[in-house]
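Input: a single structure, listed below in structure tokens.
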Amino acid sequence: LAGVGAEGGAGEGVPDVVVVCCPVGRTRAADGNEEAEGPEGSEADGAGAARAGVAWALGVVQAWLADERLSGARLVVVTERAAAAGGPGDSGVQSSSGVQSSSGVQSSSGVRGGASVRGGPGGVSAAGAAVAGLVRSAEAENPGRFVLADVEAMGEAGELIAAGVRTGAAEFAVRGGRVLVPRLAPA
């Protein structure tokens, strides 16, 4: 983020959107450099990963808000499997509207519940969910400054993340090659 703000300070334009990927599942050295894969599987490891993820996200959000040069830009925080979002193996969505627009964006409606908080196939990452909660809080306090994007796997959804950002939604998920935007629906 420092590089983006520095470009704005050097007279170069600041982009409208900046994307950062949540490093949950990786450990960080005190200097911020990535060290190694973090262990997964136990509840203690999940709690430690959640604490580390929230600490990272809080630092990113605070730095974003503190730099006035970035006040007209949106920060997209990408999490991995932080929510059950209506695909095969996602146990949390009970129904989907089935309506897909020409842009490939689908509205997903339903009630979440009963999602696994274990990492791995079909599970929701507790650490990613904690980061998503912090980003939602930041967006509520600073409307239009943050976007939360949740993907099945980092590195495989770049074009769909861009499509999701273009919807203008504050939050969306990428599942099965589709962009899903949360919507309320009658029970």
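The working numbering applies: residue 9 is where the sequence shown begins, and numbers increase by one. All residues carry an ideal CB built from backbone N, CA and C; glycine is no exception.
For this session: Would you identify the three-state DSSP class for arginine 82, choosing helix, strand or coil?
Result: Arginine 82: strand per DSSP, three-state reduction.
Problem set entry | DSSP three-state assignment for arginine 191, whether helix, strand or coil | strand
Exercise. Based on the DSSP secondary-structure assignment, which residues constitute the bridge partners of cysteine 29?
Worked result: Val86
For this session: Would you check if the segment 132-141 and the segment 57-77 touch, i.e. whether three or more CB-CB distances between them fall below 8 Å?
Result: yes
For this session: Could you say if the segment 142-160 and the segment 80-87 meet the contact criterion of at least three C-beta pairs nearer than 8 Å?
Result: yes
Exercise. So, helix, strand or coil for glutamate 179, using DSSP?
Worked result: strand
Problem set entry | 7 Å CB neighbourhood of alanine 181 in its chain, flanking five on each side removed | Cβ-Cβ distances below 7 Å link alanine 181 to Ala91, Ala93, Asp158, Leu188 in the same chain, with the five nearest sequence neighbours on each side left out; the list follows chain order.
For this session: Could you check how far apart the C-beta atoms of glutamate 167 and arginine 183 are, in whole angstroms? I think they sit under 8 Å.
Result: That belief does not hold up - the Cβ atoms of glutamate 167 and arginine 183 are roughly 14 Å apart, past 8 Å.
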